[in-house]
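*Asks:* This is the structure, below, for whatever I ask next.
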Amino acid sequence: LLEDIRTSNEQKFEELKVNRKLYGKFDMTGVSEDEPEPCPRTFDPRRRTWSDAWKDHLTEMELKQIAKDTPHMKTRIADKLKDPETLLDIANYGVEHPEFAICALAELMHQLYNQDDANVLVAIDGYSDWFRPSTYTSFRYANSGYAIPPHDIAVPRLFMKFDGHKIRNGFKIVASTQETYFNHLFTPEMIESPKCYNVEMQPLHLNEFRNALIYQQITGRFWEHIPEWRVEAMYCEAQGNWKALFESFYRSGHVKL
C-alpha cells in the first residue's frame, strides 16, 4: 500500500517539505502520542468477560515475551530517520524498512492533513466492510468468534477515522457497499454518522454511465469495445443502475472478465 501511494504521488511528495513540528508523533502501529489507547481493556456484559481475558491462558514465558516486545512497538520512525527534508524521504524509508511502513504511512497522512501546498483527497471504497469481522483470526478473540475486528488492525484503523474535517486543504469521501450479506445491513445511523454528511447514490445519467464504462475499460475490467448504440441500449436496460448493469451484462456473457 505504501509503495503504491508513493508511486502515484511521487512528484508531489518530492515537492512537499516536512513540517518538523508535526513529525515524529506516531509509533510503529500508527498510533499518535496525542491519541488514547486504540484497543482499551473493556468488559463485554453479554459474554461476561474482559477483552484481555486471553492473557489468562498464556504461559509465563509468553507473558515475558509480550512484555519484552511491547516497548519495541513504541519505536518511532523519527528515532531512525532524524531529519527528512520532504515527504518522499519518509515514504522511501517506510518502503525500504517494512517494519516502519505503517508508521511512515501515519506520518505522511498527518503531514498531508496539515499543509496548504497541495490538494488532498482521501477516497475509500467498501467502507462498510470495515465494520464486519475480518478474515484474520487470533485466539485472543476466541470469545467473539476468533475473527479480528478491522479496528484492531493497524492499517484499517488509520483510514476508519471520521476525520475529513481535519484536512486543511481537502476532504475525505467514503463509500459503503450494500451486498447480500447474511443478516447484514449497513446504514449511516449505525456508525452515528451525521445525516448532513451522507449522500445516497442515485441512478447515473447517460454521460456518467458512459464515462463509467470507459473507466472500466481503462482499468482492465473488460476489453471488449462497446459501440455507442450498445452503450445507450445498456443504459435503457439498466436505467442508470450500475449494479443492475453488471448483473445483466456479465450474466449474458457479453463481457469476459
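Whatever position you read off the sequence shown (first residue = 1), add 38 for this note's numbering. C-beta atoms are modelled at their ideal positions from N, C-alpha and C, and glycine is treated no differently. Since we're looking at a predicted model, the values are computed, not measured.
How about the segment 94-109 and the segment 145-155: do they share at least three Cβ pairs that are nearer than 8 Å?
*Replies:* The segment 94-109 is not in contact with the segment 145-155.
*Asks:* With a threshold of 7 Å on Cβ separation, who are the neighbours of TYR179 within its own chain once the five nearest residues in sequence on each side are excluded?
*Replies:* ALA185 and ILE186
*Asks:* With GLY208 as the anchor, note down where its beta strand (DSSP E) starts and where it stops.
*Replies:* 208-212
*Asks:* Looking at the structure shown, is LEU295 part of a helix, part of a strand, or coil, going by DSSP?
*Replies:* For LEU295, the predicted model reports a pLDDT of 38, less than 50, meaning its position is unreliable and no value from the coordinates is stated.
*Asks:* Who are the Cβ neighbours of ASN181 in its own chain at under 6 Å, not counting the five residues just before and after it?
*Replies:* ARG85 and THR87
*Asks:* Answer with buried or exposed for GLN277, where buried requires no fewer than 16 other C-beta atoms within 10 angstroms of its C-beta.
*Replies:* Counting C-beta atoms within 10 angstroms of its own C-beta, GLN277 has fewer than 16 neighbours from the protein chains shown and is therefore classed as exposed.
*Asks:* Taking the alpha carbon of CYS274 as the point to measure from, which residue in LEU244, THR173, ILE264 and ILE252 has its own alpha carbon closest?
*Replies:* LEU244
*Asks:* So ILE211 packs on ALA161, CB below 8 Å; how close in whole Å?
*Replies:* 5 Å
*Asks:* Check whether the Cβ atoms of ILE140 and THR80 sit closer than 8 Å, and answer yes or no.
*Replies:* no
*Asks:* Where does LYS55 sit, in a helix, a strand or coil, going by DSSP?
*Replies:* In the structure shown, LYS55 falls within a strand segment according to DSSP collapsed to helix, strand and coil.
*Asks:* Please state the DSSP three-state secondary structure of SER46.
*Replies:* helix
*Asks:* How many Å lie between TYR174 and GLU266 at the Cα?
*Replies:* 45 Å
*Asks:* I need the straight-line Cα distance from PRO136 to ASP117, nearest angstrom please.
*Replies:* Using only the alpha carbons, I get a separation of about 15 Å.
*Asks:* What do you get for PHE138, buried or exposed, if any count of 16 or more other CB atoms within 10 angstroms of its CB means buried?
*Replies:* Buried, since its Cβ has 16 or more Cβ neighbours within 10 Å.
*Asks:* Starting from VAL269, trace the alpha helix (DSSP H) both ways and give me its first and last residue.
*Replies:* Where VAL269 is concerned, the enclosing alpha helix (DSSP H) stretches over 266-276.
*Asks:* As a quick exercise: from ASP82, GLU123, ASP90 and LYS106, pick the residue whose alpha carbon is nearest that of ASN57.
*Replies:* GLU123
*Asks:* May I ask you to report which of helix, strand or coil DSSP gives LEU96?
*Replies:* coil
*Asks:* Is it buried or exposed, LEU159, if we count other Cβ atoms within 10 angstroms and call 16 or more buried?
*Replies:* exposed
*Asks:* From what residue to what residue does the beta strand (DSSP E) around LEU159 run?
*Replies:* 158-162
*Asks:* Does the Cβ-Cβ distance between LEU126 and GLU75 come in under 8 Å?
*Replies:* The Cβ-Cβ distance between LEU126 and GLU75 does not fall below 8 Å.
*Asks:* According to DSSP, SER166 sits in a beta bridge with which residue or residues?
*Replies:* Note: SER166 sits in no beta bridge, so no partner.
*Asks:* With a threshold of 16 other CB atoms inside 10 Å of the CB of TYR253, please say whether the residue is buried or exposed.
*Replies:* exposed
*Asks:* Tell me whether the beta-carbon of SER89 lies closer than 8 Å to the beta-carbon of TYR165.
*Replies:* no
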